[in-house]
Structures are given as C-alpha cells and as structure tokens.
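Some notes on the structure that comes next.
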Amino acid sequence: MVPGLLPKLRHTGKLLIKDDDLYQHRYDSYERAAIQDLSHYSLGSLNQNVTYAAFKTDTAHAGYQLTHTAVASGDSTGMLSLIINANKIIRINQQIVTTYTKTSAVVAANDLPKTAVDLFKRMDQKRLVKSPRRLR
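Counting in the numbering used here, the sequence shown runs from 6 upward without gaps.
This is the structure we're talking about:
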C-alpha cells in the first residue's frame, strides 16, 4: 500500500494509492483509475496510441516528459497522473499542473472507506462475468 497524497498547489481532493489503483475523493464520490507501468508496452505500440500521444503532448507543454518507462495513470476526463517518485505525483489537465506530495504512509479507513473499495471490486467482478475474454 502506498500512502495518501495531498495537493501542494490547489485543492482538488486527496489522491490515494491502493492495490495498484489511484483513487481520488472528490466531493461525495470516489474515482478510480489503474496505475500503469508503461515499460510493459513496446515503444511502437505506445506511439500508435492516440491517448498516449495526447498525454505526451500535454506533459511536454507542462514542462515534463512522459516517457515509455514512466509509471502513470490516466482517467476519462483527460487528466494524467504521473508518478515522479515515491513522494511526488503530478496531475496534468490541459497543461495545468497540480503537485501532490506524500503525507502519510497509511491509507486511513476514513480517507478510503472499505465500502468504496468493495463497490469497485464488485463492479470488476460483474465485468469479468460479462466479458470472459479479460481472463486471459
């Protein structure tokens, strides 16, 4: 388990990392996105991916680099979370950068309730039942 993170510049909600997923608490809801180690993909396949190309451009305009060895998470709103090191994550959305720094070594139950995690797990199980191809 990786610690909870808080934004350094603007408050956009806490970021929490648990079980290779990035969670964000916004208002009264939780969002989840998978964290991906891009080194598991070939550079050729990444460069052919439209989403990767768009994130790479946004990252460059914000003064950072999205390399094929990065560890990152993207979400459906076009926001990229780039893990810089064990203590720092940056989020880039339309060239606006928000920096998050580690504040705790533990994800507290009141920061990420078990009921929220369980709900995501139940949704995952339903998808696996409907789409057995994902079991490969």
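The C-beta atom is built at its ideal place from N, Cα and C for all residues, glycine as well.
Every value quoted in this text rests on a predicted model; they were computed, and no experiment measured them.
Query raised in the report: Between which two residues does the beta strand (DSSP E) carrying L76 extend?
Result: In the sequence as presented, Leu is not what sits at residue 76; that position holds Val. DSSP places V76 in the uninterrupted beta strand (DSSP E) bounded by 76-79.
Query raised in the report: Closer than 7 Å, CB to CB, is R37 near chain C or not?
Result: No chain C is part of this structure, which consists of one protein chain only.
Query raised in the report: Does DSSP classify Q130 as helix, strand or coil?
Result: The answer is helix: DSSP assigns Q130 an H, G or I state.
**Report entry** The alpha helix (DSSP H) enclosing P63, as first and last residue numbers
**Finding:** For the sequence presented, residue 63 should be read as Asp rather than Pro. Note, D63: alpha helix (DSSP H), 55-66.
Requested in this report: Consult DSSP for H73 and reduce its assignment to one of helix, strand or coil.
Outcome: Of the three classes helix, strand and coil, the one that applies to H73 here is coil, per DSSP.
Query raised in the report: Quick one: is M128 buried, meaning 16 or more other Cβ sit within 10 Å of its Cβ, or exposed?
Result: Burial call: exposed.
Requested in this report: With DSSP as the reference, please indicate the residues paired to D42 in a beta bridge.
Outcome: D42 is bridged to V76.
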